[in-house]
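In what follows, a structure is listed as structure tokens, so that the remarks can point back to it.
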Amino acid sequence: MKVIRSNGFSLIEIIITLAIATLLSGIGYATYQEHIVTTHRIKAIHDMINIMTDFEKFYSQNGSYADSQGNAPKAILIKLAELTKNNPYYSFTCQPQSICGKENSNLHNVNVSFQGVGVQVVC
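Counted from 1, the sequence shown has number 76 at position 94 by the working numbering; the numbering is strictly sequential.
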């Protein structure tokens, strides 16, 4: 009896190859998603540091973190709005508060925070 050998791939070899490729693709995609989230968080922290720098600049020029009405400076609020509008991954909030409840004091505590993909950070 003569045995006929084929030079092609069997069906089981193709199925195993596809299963391995699918598994590797799934792992690669999950790693890529983690990288994207980390990149967005780093960008948000960078933007938050820039906002805090703007607050410090405002403080050095005006002696207060807030304007005369006790609100965050308009230029910084506009920058916050632009950063939030142009980036769908996180949003910023900012609210200066008087220290020790002294309404007329020039001392203010400023919190800038961002909320994004599963994260909330306050600086």
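Note that CB positions come from ideal geometry on N, CA and C, so glycine has one too. These numbers were taken from a predicted model, which means no experiment stands behind them.
| query | result |
| --- | --- |
| Three-state secondary structure assigned by DSSP to Ser42 | helix |
| N-terminal and C-terminal residue of the alpha helix (DSSP H) that Lys56 is part of | Lys56 to Asn68 |
| Phe40, buried or exposed, once every other Cβ within 10 Å from all chains shown has been counted against 16 | buried |
| Helix, strand or coil at Ser50 [DSSP, three-state] | coil |
| Cβ contact (3+ pairs, closer than 8 Å) linking the segment 40 to 52 and the segment 6 to 24 | no |
| Alpha carbon of Ile31 to alpha carbon of Asn68, nearest angstrom | 18 Å |
| Alpha-carbon to alpha-carbon, Ser46 and Pro70 | 31 Å |
| Per-residue burial, Leu(-7) [other beta carbons within 10 Å of its own, 16 or more giving buried] | exposed |
| Short Cβ contact (8 Å threshold) for Lys56 with Ile33 | no |
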